[in-house]
Amino acid sequence: MELTSGSRVAVIGGGPSGALSAYFLLDLARQTGIALEVDLFEPRNFNLTGPPGCNMCGGVISESLMQKMAAEGITLPRELLLDTIDSYVLHTDSGAASIRPLHDEMRIASIFRGAGPLGAESQSPLPWSSFDRHLLEMAKGLGARHHARRVRRLDRDGEGRPRVYVQPLKEEAAESGETERLFGVYDLLIGCVGLNGAGVRLFEALDFGYRPPKSDRAWVAELYMGAEEVRRRLGHAMHIFLLDVPGMKFAALTPKGHYVTFILLGDDVNEEVAKRVCHSPQVRELFPEGWEMPVRPCHCQPRINIGPPVNPFADRVVLVGDCASSRLYKDGIGAAYRMAKVCALTALTRGISAEAFREGYWPACQEMDRDNRLGHLLFSMDGLMRHVTLFRRAMLMVVREEQSRPHDPRRLSSALWDTFTGSAAYRHIFRRALHPVVMWRLIAAMIRLLFSFLRKR
Ligand SMILES: Cc1cc2nc3c(=O)[nH]c(=O)nc-3n(C[C@H](O)[C@H](O)[C@H](O)COP(=O)(O)OP(=O)(O)OC[C@H]3O[C@@H](n4cnc5c(N)ncnc54)[C@H](O)[C@@H]3O)c2cc1C
4 MELTSGSRVA
14 VIGGGPSGAL
24 SAYFLLDLAR
34 QTGIALEVDL
44 FEPRNFNLTG
54 PPGCNMCGGV
64 ISESLMQKMA
74 AEGITLPREL
84 LLDTIDSYVL
94 HTDSGAASIR
104 PLHDEMRIAS
114 IFRGAGPLGA
124 ESQSPLPWSS
134 FDRHLLEMAK
144 GLGARHHARR
154 VRRLDRDGEG
164 RPRVYVQPLK
174 EEAAESGETE
184 RLFGVYDLLI
194 GCVGLNGAGV
204 RLFEALDFGY
214 RPPKSDRAWV
224 AELYMGAEEV
234 RRRLGHAMHI
244 FLLDVPGMKF
254 AALTPKGHYV
264 TFILLGDDVN
274 EEVAKRVCHS
284 PQVRELFPEG
294 WEMPVRPCHC
304 QPRINIGPPV
314 NPFADRVVLV
324 GDCASSRLYK
334 DGIGAAYRMA
344 KVCALTALTR
354 GISAEAFREG
364 YWPACQEMDR
374 DNRLGHLLFS
384 MDGLMRHVTL
394 FRRAMLMVVR
404 EEQSRPHDPR
414 RLSSALWDTF
424 TGSAAYRHIF
434 RRALHPVVMW
444 RLIAAMIRLL
454 FSFLRKR
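So the sequence shown is numbered by the numbering used here: it starts at 4 and just counts up by one.
Now the structure itself:
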């Protein structure tokens with residue numbers, strides 16, 4: 004089972020994993036002299052503002068990912084990049100610490116996935132452009148055919164080739180009364196449907212044993228503050244909050260030009276929890292005097308991948324991105340980039356059978372899933388940080404000391420930086436966070452804090 008000239012590929016979903024899967028497949032095929040036909044199905048219009056045009060995320064990408072993409076010819080024009088973030092400020096109930104990366108290439112940038120927040124359409128023309136649209140245009144530039152249609156059903160023909168049925172256009176439905184229409188028969192089907200919506204059910208219904216990954220709901224809002232005020236209050240820093248607010252795991256404020264993106268993660272986050280976090284003194288001091296959460300902010304509650312998928316491949320079918328393996332709580336775009344590339348390489352060099360995907364694609368998924376298990380362990384320690392004041396204070400003390408020494412290797416600071424930016428694998432973060440020097444500094448800081456507490460009594 005192989006792709007040869009004239010083979011037809013359907014990519015379902017045009018978010019980062021869909022656009023990049025199509026891009027890498029066409030690019031590698033061209034390099035090996037194979038002419039593929041790639042149909043990419045994506046109904047979302049990335050020119051629209053607000054949730055309808057947006058694939059709902061924090062919109063942070065690392066400098067190292069931008070460099071990797073540039074090496075593949077995927078350059079990001081200036082109008083995509085809203086802010087360059089060169090530091091983190093970690094806010095806790097016991098104070099704050101600013102964290103700068105050791106090297107410039109560890110900086111991060113913020114982007115809008117769609118055309119921007121709801122209401123921004125009043126600024127015409129918009130001073131920025133959509134990240135997802137850019138990736139889609141790059142795939143189209145290599146020959147992918149974009150169909151602005153929702154896929155309604157999948158099945159296989161008598162020879163086992165996947166068939167794609169789409170939602171008919173209004174005029175087609177009015178004329179024929181059909182609710183779905185057979186669009187085509189394909190040699191390979193790549194599912195990049197994410198986790199927000201019913202896309203994964205299409206693949207579950209194909210009955211090859213696929214189960215989507217476990218997911219949590221997040222709460223995201225784009226808050227307008229004006230570029231000057233954003234710069235004055237947040238600077239070029241991302242602000243992370245590890246507070247003892249019931250329901251929240253962590254919250255973040257990211258500067259994006261005129262806007263600030265507010266992200267909230269937790270077990271059951273909703274507007275109530277968001278309001279409680281916004282009313283905490285640590286968040287309030289970053290907002291203008293008297294600022295209140297708008298009555299109807301541009302907000303969404305997207306799903307975030309927190310577990311491994313089951314069986315994300317079969318003969319002629321493979322799933323990529325959030326609906327398969329991604330990175331826990333961070334760098335989902337980087338994960339989509341990496342897995343789209345491995346998937347394309349597997350399809351073109353090993354073939355498109357289940358066996359080929361098991362040997363070429365699955366090991367990369369498993370490696371990411373194994374690393375995420377360490378990530379879960381690391382995030383379970385955030386409870387220690389949020390609830391044990393002594394540990395929290397000691398950690399802030401060590402971070403401040405590291406940041407004040409110009410030649411310090413800053414192991415704890417860089418472990419925290421990478422935890423929130425996704426610039427490194429969890430296993431590397433773990434090694435740095437558990438380094439004997441870090442452990443010793445933390446214990447010494449806790450002893451010093453205990454002594455100063457006892458002296459005061
Ligand atoms: C709160 C939050 C914050 C995040 N922050 C970041 C961050 O700062 N940086 C980062 O790198 N990652 C972040 N992520 C993760 C990132 O958003 C995802 O990893 C990334 O979007 C995955 O891309 P994808 O293409 O797999 O899925 P998506 O981006 O979800 O794209 C799926 C696409 O499939 C289309 N689709 C679905 N069903 C159908 C169908 N039936 N027919 C046709 N098309 C269909 C959808 O319209 C959509 O465009 C965050 C996620 C969340 C939830």
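In this text, a Cβ means the ideal position worked out from N, Cα and C, and glycines have one as well.
Can we count residue i as close to ligand 1, meaning its CB is less than 7 Å from some heavy atom?
i    : result
D475 : With the chain represented from 4 up to 460, any question about residue 475 goes unanswered, as that position is not in the structure.
I243 : no
R47  : yes
C301 : no
A338 : yes
M72  : no
D334 : yes
A25  : no
I309 : no
L205 : yes
S329 : yes
V141 : It should be pointed out that residue 141 corresponds to Met in this sequence rather than to Val. M141: no, Cβ never under 7 Å from ligand 1.
E17  : A small fix is needed here, since residue 17 is Gly in this sequence, not Glu. Yes.
I64  : yes
F538 : The structure shown does not extend to residue 538, since the chain is modelled only from 4 through 460, so no value can be given for it.
G250 : no
I266 : yes
N50  : no
V263 : no
S20  : yes
M469 : Outside the modelled stretch of the chain, which goes from 4 to 460, sits residue 469, for which no answer is possible.
L195 : With the sequence shown as reference, residue 195 is identified as Cys, and Leu is not the correct amino acid for it. It does: the Cβ of C195 is within 7 Å (strictly closer) of some heavy atom of ligand 1.
G200 : yes
A221 : yes
R184 : no
P165 : no
R153 : yes
R341 : no
P312 : no
P305 : yes
What does the alpha-carbon distance come out to for the pair residue i and residue j?
i    : j    : result
A240 : A112 : 10 Å
G310 : S455 : 43 Å
V276 : F394 : 25 Å
A480 : A38  : Residue 480 lies beyond the residue range present for the chain, which begins at 4 and ends at 460; the question has no answer from this structure.
L159 : A343 : Residue identity check: residue 159 is Arg in the sequence provided, not Leu. C-alpha separation (whole angstroms): 23 Å.
R236 : C60  : 22 Å
R341 : E66  : 15 Å
I28  : G144 : Sequence check: residue 28 is Leu here, not Ile. Approximately 13 Å, taken between the alpha carbons.
T392 : Y213 : 44 Å
M72  : I64  : 11 Å
S426 : L419 : 11 Å
E232 : N314 : 48 Å
I446 : Q285 : 27 Å
L348 : Q369 : 17 Å
I432 : R373 : 14 Å
R389 : L93  : 12 Å
A25  : I77  : 13 Å
A338 : R458 : 50 Å
D270 : R403 : 30 Å
A31  : V345 : The amino acid at residue 31 is misidentified as Ala; the sequence shows Leu. If I take the Cα positions, the gap works out to 11 Å.
V167 : Q70  : 36 Å
T95  : G238 : 19 Å
Return yes when the Cβ of residue j is within less than 8 Å of the Cβ of residue i, no when it is not.
i    : j    : result
K259 : G62  : yes
I15  : C195 : yes
L415 : A436 : yes
G324 : G18  : yes
F265 : F253 : no
G363 : M4   : no
A22  : L191 : no
L381 : T422 : yes
P305 : V223 : yes
P215 : L198 : yes
I193 : V321 : yes
A317 : A357 : yes
P46  : R184 : no
R330 : M371 : yes
field: Continuous beta strand (DSSP E) assignments of at least 3 residues falling wholly in the segment 31-111
entry: 40-44, 63-65, 86-88, 90-95, 98-102
field: Minimum length 4: unbroken alpha helix (DSSP H) runs contained in the segment 190-257
entry: 202-207, 230-237
- request: Jot down the residue ranges of each uninterrupted alpha helix (DSSP H) in the segment 125-203, minimum 4 residues, whole runs only, in chain order.
  value: 134-144, 173-179
message: Could you tell me which whole alpha helix (DSSP H) segments of length 4 or greater appear in the segment 293-360?
response: 335-352
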